[in-house]
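Presented below is the structure to which this report refers.
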């Protein structure tokens with residue numbers, strides 16, 4: 001029985017309550033996993049429990065649910081799990097403020113989101129629910145860390161990092177916005193710390209090469225972003241001898257053929273090399289400059305708009321190809337972790353180098369005649385290929401490949417360089433000075449060094465700290481818990497100390513999709529057999545803001561697991577869908593701007609179905625949508641119209657559709673064909689539009705001569721309910737039940753269109769005389785050329801245009817066009 005209180009009226013609130021209860025009791029969306037159907041794995045990037053769901057969640061999860069529900073109707077065994085990325089700094093800050101434990105804030109918010117997810121009608125398998133802060137999860141995060149450590153992929157080193165003085169923690173580059181911490185707004189500085197890294201650079205070439213497997217399944221702009229981030233460069237390592245230093249300084253260059261134009265060397269000011277090279281006379285100036293450089297992020301330093309600054313180190317190097325003494329400078333546009341932290345500067349052919357040279361009066365020498373201009377005079381570096389000049393053994397050459405090959409061979413013969421490949425990608429900094437994160441399972445022993453915690457002692461649990469015990473102190477809060485820090489070396493039994501850093505939450509999210517395949521598995525992070533059945537993921541859905549780091553890290557993890565023999569594929573995600581941002585009044589939603597929109601209030605006012613339909617219908621998944629331009633009220637009116645169709649159907653459940661109105665049946669089967677094609681190509685908004693057109697056609701049929709008792713009406717309304725179930729599941733269930741069909745519509749089968757009903761019986765034929773349209777005639781779709789000419793000649797407009805002239809040529813593209821060419 002329908003929950004509607006009045007005939008033909010859809011009660012959105014009661015329907016939501018009713019079908020949530022049914023889905024949960026029936027376990028409607030739990031996969032069979034028995035091999036009876038082909039498996040499909042749909043995955044949404046899992047949420048962080050910072051509060052209740054917001055408008056961004058509403059769009060992203062609606063998109064993934066369309067795919068999951070559609071594939072289910074198509075007959076696949078669909079796994080669509082849910083979990084929470086539940087470690088992180090916001091929980092720690094909330095605990096300090098409220099004098100509680102971070103878990104209190106975290107799990108309370110998770111339960112709030114659970115209720116909202118269920119209310120939102122998502123087809124989720126709740127039996128696979130996980131939280132990364134559960135012991136049963138982070139035990140295996142630690143286990144994976146130890147496997148990486150054993151393989152030489154986890155290591156520690158001293159390096160400068162982004163440091164937030166307020167949150168007292170390391171920040172990744174993407175967490176620094178215009179020099180400030182994205183969370184608290186404090187000015188970020190640089191700090192040298194001993195940090196843990198994952199050696200992702202060992203997989204740089206594989207990460208690049210395997211993108212070929214993702215072409216066509218991932219958005220091309222995401223692949224381009226990852227290629228640029230990895231940044232493969234072919235070139236040479238060149239050794240510059242430094243006066244007063246035994247070891248030469250090696251620089252990497254993609255253009256060793258321009259070495260004759262290298263008139264100075266630049267070193268990253270925050271590198272160990274700069275500290276070593278600076279002369280006593282320049283020490284004070286250098287230290288002052290370094291203090292200023294630490295105030296800028298690496299992204300800002302690399303910006304083309306950033307004014308280049310530097311300071312002389314008071315030392316000289318020797319150019320290996322011509323023996324010239326070149327001055328060594330420290331400058332902010334060179335990064336310590338890229339290459340060797342030093343570059344050769346060729347100002348005539350690199351704009352950054354030229355800007356720097358002009359600022360500090362350094363020499364500029366042209367070595368490639370590109371366009372006949374002199375960069376020293378124009379202030380514009382010439383780039384590209386040209387004839388070599390002022391270049392010794394290269395003079396007279398015009399081909400870049402020949403120039404690079406010749407100079408590289410000479411460098412190798414002289415013992416001054418080698419050809420090589422380098423990547424912009426740097427190793428993954430994973431240390432965080434936080435409490436609420438996965439503890440690093442390493443013990444530091446004065447005798448044995450870095451010692452792994454034995455597997456049988458996992459998980460390493462953090463001590464029970466709360467409130468002000470978590471307040472920033474310049475080191476991890478764990479460092480103050482001396483009873484926890486002081487421990488015994490697992491190797492020698494002597495006194496040792498635990499590592500006090502926790503892992504970057506990107507580590508947790510780099511393998512969670514494997515755990516979904518084996519919920520509750522105790523013998524490892526996942527059962528390889530389970531993963532082999534379900535993975536790779538068939539559809540991944542999430543924001544483009546994760547295009548580089550998260551997606552790169554999880555690809556890296558998968559390759560390591562493959563090399564460990566735990567998985568048998570290269571790439572974990574076959575297809576990726578990015579959703580756009582939900583904005584309001586042309587701007588991102590913000591409390592400070594007063595343009596925030598509360599998702600719960602929208603659902604209370606219009607119902608889940610109307611909100612979901614509005615999100616999907618607004619535009620393609622990847623486009624931003626402006627809530628100010630949308631109308632959930634209109635969506636609700638449409639849903640009421642669709643529901644009324646079901647409430648008016650009077651034909652029996654077992655009605656023979658073949659005896660129904662042919663015109664409506666054709667409209668239905670064309671809609672099935674078009675909607676199927678649109679869903680397969682990710683054009684969800686257009687699929688909704690086609691469904692709306694079928695609703696209109698069915699309404700006309702009922703109100704016209706066809707009537708509600710015609711079997712074709714039942715057939716049309718059944719497909720409307722199935723199509724709407726992807727975006728408006730509650731009203732779809734109500735429609736399905738109103739049609740007398742057993743629940744759930746999610747268990748029904750997506751129809752296959754009858755090809756005979758998708759072919760038009762007639763077509764509009766345009767008749768042209770000397771290129772001008774003279775008639776538009778409704779003709780049979782299979783009309784012959786002879787019949788088409790006869791029909792055209794019978795038309796009065798065509799007759800007037802021909803004016804008795806003989807037709808000397810006929811061009812026919814039937815049934816759409818007929819062109820007649822008359823004689824003179």
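Numbering (full-length UniProt numbering), first residue to last: 1 to 824.
For every residue, glycine included, the Cβ atom is placed at its ideal position computed from N, Cα and C.
query	result
Taking residue 687 as the reference, give the member of 699, 352, 673, 83 with the closest Cα.	673
Are the segment 598-609 and the segment 546-565 touching by the rule of at least three beta carbon pairs closer than 8 Å?	no
Classify residue 227: buried if its beta carbon has 16 or more other beta carbons within 10 angstroms, exposed otherwise.	exposed
Short check: CB of residue 469 to CB of residue 295, under 8 Å?	no
For residue 830, write down the residues that DSSP places opposite it in a beta bridge.	An answer regarding residue 830 cannot be provided, because it is not within the stretch 1 to 824 covered by the chain.
Determine whether the beta carbon atoms of residue 709 and residue 745 lie at a separation below 8 Å.	no
If residue 467 and residue 15 are in contact, beta carbons under 8 Å, what's the gap, nearest whole angstrom?	Actually they do not touch by this definition, with Cβ atoms about 44 Å apart.
First and last residue of the alpha helix (DSSP H) that includes residue 554?	549-563
Within its chain, find whatever has a CB closer than 7 Å to the CB of residue 624; leave out the 5 residues flanking it on each side and keep chain order.	580, 581, 583
If you drop the 5 nearest sequence neighbours on each side, which residues of the same chain put their C-beta closer than 7 Å to that of residue 138?	132, 438, 459
By Cβ distance below 7 Å, which residues in the same chain neighbour residue 715 in space, the five residues on each side in sequence not counted?	657, 660, 665, 668
How big is the Cα-Cα spacing for residue 707 and residue 701?	6 Å
With DSSP as the reference, identify every bridge partner of residue 768, one or two as the case may be.	773, 819
Roughly how many angstroms separate the alpha carbons of residue 59 and residue 156, rounded to a whole number?	40 Å
Could you please give the first and the last residue of the uninterrupted beta strand (DSSP E) stretch that includes residue 418?	417-423
Taking all protein chains shown into account, decide if residue 92 is buried (16 or more other Cβ within 10 angstroms of its Cβ) or exposed.	buried
Taking contact to mean at least 3 C-beta pairs separated by less than 8 Å, is the segment 142-151 in contact with the segment 175-195?	no
Just tell me which of 110, 126, 765, 652 has its CA closest to the CA of residue 31.	126
Where does residue 517 land, buried or exposed, given buried means 16+ other C-beta within 10 angstroms?	buried
Would you decide whether residue 111 is buried or exposed? Buried here means 16 or more other CB atoms lie within 10 Å of its CB.	exposed
Cα separation between residue 81 and residue 251?	49 Å
What does the alpha-carbon distance come out to for the pair residue 840 and residue 509?	The requested residue 840 does not occur in the structure, where the chain is confined to residues 1 to 824.
Check the DSSP bridge columns for residue 236 and list the partner residues they point to.	253, 419
Inspect the CB distances between the segment 774-782 and the segment 750-765 and report whether three or more fall short of 8 Å.	yes
Going by other Cβ atoms of all chains shown within 10 Å of its Cβ, with 16 needed for buried, is residue 811 buried or exposed?	exposed
Is residue 392 helix, strand or coil when you go by DSSP?	helix
Spatial neighbours of residue 726 within its chain, please: CB distance less than 6 Å, with the 5 preceding and 5 following residues excluded, ordered by chain position.	66, 69, 70
Does DSSP put residue 1 in a helix, a strand or coil?	Only weak support exists for where residue 1 lies, its pLDDT of 32 falling under 50; the value from the coordinates is given anyway. It is coil, neither helix nor strand.
Buried or exposed for residue 22, going by 16 or more other Cβ atoms inside 10 Å?	exposed
If you run the structure through DSSP and keep just helix, strand and coil, what is residue 271?	coil
Can you determine whether any heavy atom of the ligand GDP sits closer than 7 Å to the C-beta of residue 541, and answer yes or no?	The ligand GDP is not part of this structure, which contains no ligands at all.
Does the beta-carbon of residue 162 have 16 or more other beta-carbons within 10 angstroms, so that it is buried, or is it exposed?	buried
From the DSSP secondary-structure annotation, give me the bridge partner or partners of residue 697.	Answer is none; residue 697 lacks a bridge partner.
In angstroms, rounded to a whole number, what distance separates the CA positions of residue 735 and residue 435?	51 Å
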